[in-house]
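Protein chains in written order, with this note's numbering: chain A, 1 to 335; chain B, 1001 to 1287.
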Amino acid sequence: MSATVAAALDTALHLNPKLFDEDVEQVAIRQGFGDGLVRAGELDARVVVLSGDLTESAHAAEFRAKFPNRFVELGVAEQNMASVASGMAAMGKIPFITSYAMFSPGRNWEQVRTTICYNNRPVKIAGSHAGVSVGPDGGTHQAIEDIAITRVIPNMMVICPCDAIEARKATVAAVSTDTPVYLRLARDKSPVMTTDDTPFEIGRAQTVWHSDSPRVGIVACGALLHKALLAAKALDDEHVEVEVMNLATIKPLDEDALVALATRTGRIVTVEEHQIRAGMGSAVAECLAKHHPVPMRFIGVDDQFGQSGTPEELIEYYGMGSDSIVNAVHGILGD
Amino acid sequence: MLTEQKQLALEVTANEIRQSIIEMLLHAGSGHTAGPLGMADVFTVLYFHTLRYDPKNPSWEGRDRLILSNGHICPVLYAAMAYAGYFPKEELNTLRKFGSRLQGHPYRKFLPALETSSGPLGEGLSQAVGMAIADVMDDKAGDRRIYCLMSDGELEEGQTWEAAMLAGKQALYNLVALIDRNNIQIDGFTEDVMPLEPLADKWRAWNWHVIEINGHDMNEIAAAFDEAKSVFEKPTMIIAHTIPGKGVPEFERDFHWHGKPPNDRQGAKALRELRTLGGQILSEATE
């Protein structure tokens, strides 16, 4: 970045310098989870992994290969899986339950609520295949309600990593919490924006793109953070200054960082691959309505189900691409 | 085989627990009557013969684990725990009141001596299976046993059978479950609402060792839990045939008593029945 540009990536976060390149490295977020799971298993002997017949796809296979005696295959039975994990946690284990988000925490929501969260057992729920970027499998398998149904449960933490490296760190960090954690993971390969040196802390939001005098704050989670950064760069070319925040932890919310962002910018656009209703943007709105109300726009799925297509087609169709974000920024500025 | 003295002592305790259940329900003004009375004998054998625990040290590592899956019969659990010394018997009459540790359905956060919170049906067996798997994994299956108490009506929850399959697959010999086969549920008799028979065959088909007993015979109850300890290749399911509302003739065998408490007149009459053993002990009859 030359000294003359007013807007730039944060330098202290050690982000991937190639993240705006056409050939930016692409790795699936769920792959990062699989790597993190092995690391967590190495660091803590209490970590066990439960699988509901999706061991390869949900990236529990790496753990199974390394720690076969700490792996349980339960078959296609997500309700049982949640409650079995609660029982194992009661005996001192730190269980990760792995499946697609649509089924866990989707199908097994009440078991998650009662047997895990009501008991405050430290079970970690890894929901792969969240968002429409699941692609060709279609709407049945695209979880776009999972943030809503997890963040509403007391004791639950909700984390939506932006890339594979952050997913690896979030997985390891989840072990050290005493509470239930939901890890929201995506199927498709997506740009790697962070590096091994990028700090990660549960509950800490990060401003990844700064401007001298930002007029809009863009708050994103998951792989769409990359679309938000592309939008920020495009807006900079138009001399529209914005900030971009990575809100990887949706619960507990980094209220101080959000209020500071709203104070600096005066306008907020949220970006998530989830239903607009009750998702991450709603969490941000709940916070700002109370502490620092500002005009907001919400990028996400607008009360519809998903469908088959390529991830890119679906992101565009449902209005979550970088052009949509640019338009939302213009809209909130009244341009 | 229990000694005659032990058997008598258990029967007296079960009778006292039934009286406490009636008193708790009278104070609470709501709650379930039939199930707690029907399971008083099983709970008595568990807490005063079978289970290893230390009420002064509820989190003792070596304790047996008791999971109550059908949380709505918690008056009998609370009464048994109070008689076992976990908390004062006077506290029983706080059942279902604001601020009480004795929530309408068990809540571990308020009463940490509980192994789990429960109420939503069909979830207890899965948790017990998880506990049993963890102990097998850690080579602790010989140190302590995992007990799960279930109702017959809750078997209609599909999750029960997910757990049954897994327990059979894992050959969880450290797991003992018991079904309160009282044949009633809220809407009527189980075989009218949703037939469960042939029930023993269903569990055998999932590779469980099945024992059928009279759930009011102290010897049979104790012997079944003992027999389970001798089975090393399968989990054990005890089907305990019980009479809902057992001990109070007015409540027995009537599904309408599943989910309601006695009123003052019915409660007083029930306590008189229990104290006089149905009118046999005249010295208690003036109560």
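For each residue, glycine too, the CB sits at the ideal point set by N, CA and C. Predicted model, so just to flag it, every value in this text is computed and none were measured.
Annotated three-state conformation of B:Glu1227 is helix, per DSSP. Around the beta-carbon of B:Phe1255, 16 or more other beta-carbon atoms lie within 10 Å, marking it buried.
The residue among A:Met81, A:Asp44, A:Gly279 and A:Val294 with its C-alpha nearest the C-alpha of B:Met1165 is A:Met81. No Cβ of chain B is located within less than 7 Å of the beta carbon of A:Val49.
When Cβ-Cβ separations below 7 Å define contact, B:Gln1159 makes contact with chain A.
Put simply, the CB of A:Leu54 is far from chain B, with every gap to its CB atoms at 7 Å or more. In the DSSP assignment, B:Asp1180 is bridged to B:Ser1151 and B:Ala1240. For the pair of segments examined, the region 58-71 of chain A was found not to touch the region 192-203 of chain A: the number of CB pairs separated by less than 8 Å stays below three. Along the region 1111-1138 of chain B, going in chain order, the ones with a CB nearer than 9 Å to a CB of chain A are Glu1115, Thr1116, Ser1117, Ser1118, Gly1119, Pro1120, Gly1122, Glu1123, Gly1124, Leu1125, Ser1126, Gln1127, Ala1128, Val1129, Gly1130, Met1131, Ala1132, Ile1133, Ala1134, Asp1135, Met1137 and Asp1138. Across the structure, B:Gln1005 and B:Thr1044 are spaced so that their CA atoms are roughly 15 Å apart. Your pair B:Pro1235 and B:Tyr1173 checks out as a contact, with CB atoms roughly 7 Å apart and the cut at 8 Å. Shown here, B:Gly1104 sits in coil according to DSSP, grouped into three states, outside any helix or strand.
Residues Tyr1173 and His1209 of the same chain have their beta carbon placed closer than 8 Å to that of B:Val1231, with the five preceding and five following residues left out of the count.
Excluding its 5 nearest sequence neighbours in each direction, B:Met1131 has C-beta neighbours in its own chain below 6 Å: Arg1065 and Ile1146, listed in chain order. The three-state reading of DSSP puts B:Leu1002 in coil, since its state is none of H, G, I, E or B. With a threshold of 7 Å between beta carbons, B:Glu1162 makes contact with chain A. Rounded to whole angstroms, the gap between the alpha carbons of B:Thr1242 and A:Gln304 is 51 Å.
For A:Asn155, the nearest beta carbon of chain B is not closer than 7 Å to its own beta carbon. Boundaries of the beta strand (DSSP E) harbouring A:His210: Gln206 to His210, taken from the DSSP string. Of all residues in the region 98-115 of chain A, those with a C-beta nearer than 8 Å to a C-beta of chain B are Glu110, Gln111, Thr114 and Thr115, reading in chain order.
Excluding sequence positions up to five before and after B:Leu1077, its CB lies within less than 6 Å of the CB of Leu1068, all in the same chain and listed in chain order.
For B:Thr1116, the closest C-alpha among the options A:Lys93, A:Thr140, A:Gly127 and A:Gly87 is that of A:Gly87. In the three-state reduction of the DSSP assignment, B:Arg1144 falls in the coil class, being assigned neither a helical nor a strand state. Going by beta carbons, A:Gly139 and A:Gln307 fall inside the 7 Å limit.
Looking at the DSSP output, A:Tyr182 shares a beta bridge with A:Ile125 and A:Val158.
Collapsing the DSSP output to three states places B:Arg1063 in coil.
Annotation: A:Val172 is outside any beta strand (DSSP E); the continuous alpha helix (DSSP H) that includes it extends over Ala164 to Val175.
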